[in-house]
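Participant: These protein sequence lines are chains U and D, in that order. Residues in the first sequence are numbered from 14 upward in steps of one, following my numbering. Residues in the second sequence are numbered from 1053 upward in steps of one, following my numbering.
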Amino acid sequence: MAQPVTMVDPRQPRLGQGITGAAALVGFLLEVPAVLPALAVILAAASLLGPRANPYAWLFRALRRTGAVGPPRELEEAAPPRFANTVGFVVLSLATVARYGFDLDWVAWALGLLVAALALLAAVTGLCVGCELYLWARRIATGGRVRGRLVRPVERAPG
Amino acid sequence: MIRLAVAASVLLGVYGAWLLWRRPPRRLARADLGGVGIREPAIVQFATRACGPCRAAVPYLEAAADRSGVAFRQIDVGDRPDVARRFGIRTVPTIAVTGRGGRVLRVWTEVPDQGELTDAAGLGPGRASA
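(1) In chain D, which residues lie with their C-beta within 8 Å of the C-beta of residue 145 of chain U?
(2) Compute the Euclidean distance between the alpha carbons of residue 101 of chain U and residue 1103 of chain D, then round it to the nearest angstrom.
(3) Taking the Cβ atom as the reference point for each residue, do residue 1173 of chain D and residue 1135 of chain D lie within a distance shorter than 8 Å?
(4) Under the rule that 16 or more other beta-carbon atoms within 10 Å means buried, what is residue 1154 of chain D, buried or exposed?
(5) In three-state terms, what does DSSP make of residue 53 of chain U?
(6) Return the residues of the segment 1089-1105 of chain D that lie within a Cβ-Cβ distance of less than 7 Å from chain U, sorted by chain order.
(7) Pick out the complete alpha helix (DSSP H) segments inside the segment 1059-1109 of chain D, 4 residues or longer, and give them in chain order.
(8) Where residue 1176 of chain D and residue 1168 of chain D are concerned, what is the direct C-alpha to C-alpha distance, given to the nearest angstrom?
(9) Which value, in whole angstroms, describes the spacing of the CA atoms of residue 1087 of chain D and residue 1110 of chain D?
(10) Name the residue from D:1093, D:1064, D:1120 whose alpha carbon lies nearest to the alpha carbon of residue 1166 of chain D.
(11) Relative to the C-alpha of residue 1140 of chain D, which candidate in D:1094, D:1074, D:1164, D:1069 has its C-alpha closest?
(12) Using a Cβ-Cβ cut-off of 8 Å, state whether residue 1112 of chain D counts as contacting chain U.
(13) How about residue 1098 of chain D and residue 1133 of chain D: do their beta carbons lie closer than 8 Å?
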């Protein structure tokens, strides 16, 4: 029997990507290295513990409740953006170790800027490199039996 | 100031790489889609099931095809990765206009204006009356 697939409003990961990218960029510009471990912790919670521990999901749900964000037109599979969060968490953790463990500022900020650029690219254009990595890995792991990302149109807007 | 320059360079570099990535594929621009069953003048969308913009573009492309009197066809490159490889399609939606025999006349990697679509099909208002 097929396992149920967790779905997510695609605007929620894009909001998270925008915040992550902007925070990493501002941290770099203002020389605030604490932003690297802070973002690593947020992405760790989002990737390892799921939506219940994802601060971006909390924010998005709050925006939905206030009516600032309308109902979704479609839902997409949650696994690819969650994997992208994991990639961000790993890269930012390496940046944190480089900065605080080895005093390698330039390595830390190179990794931080990489995350900032890719997160902002995903937020602005929708091209999520981490999600694409997940899909490539899944295609390889399943020998091409599972090909694409699952997206379902929302027939009836949830209340 | 140096930090600002570095950040701007990285962001511009990533954005530039994205623009290069989504250039219309040359192989498709020189192709003939007869081999994938499109042998008539048509507006063709290369899409995947996961592509929200592709789904949103369907009514718009269907309307353009109706207005131009050509067919509207979709190819799911998620189901047909061989087609994506063959024509060098890297991004969806990729939209092509074909003429007789399925010869590709023009390619876009975003949804173009209705006017551009109908002009490319050689069926725009100016040419239709010629």
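The beta carbon of each residue, even a glycine, is placed where N, CA and C say it ideally should be.
Facilitator: The relevant details are as follows:
(1) Chain D residues near residue 145 of chain U: none, gap ~11 Å exceeds 8 Å.
(2) Answer to the nearest angstrom: the Cα atoms are 23 Å apart.
(3) Contact: no.
(4) buried
(5) helix
(6) 1100, 1101, 1102, 1104
(7) The alpha helix (DSSP H) runs of length 4 or more contained entirely in the segment 1059-1109 of chain D are, from start to end of the chain, 1078-1081.
(8) Confidence in residue 1176 of chain D is poor, its pLDDT being 45 and thus under 50, which makes the residue's placement too unreliable to answer from.
(9) 23 Å
(10) D:1120
(11) D:1074
(12) For residue 1112 of chain D, the answer is no, since every Cβ of chain U falls outside 8 Å of its Cβ.
(13) no
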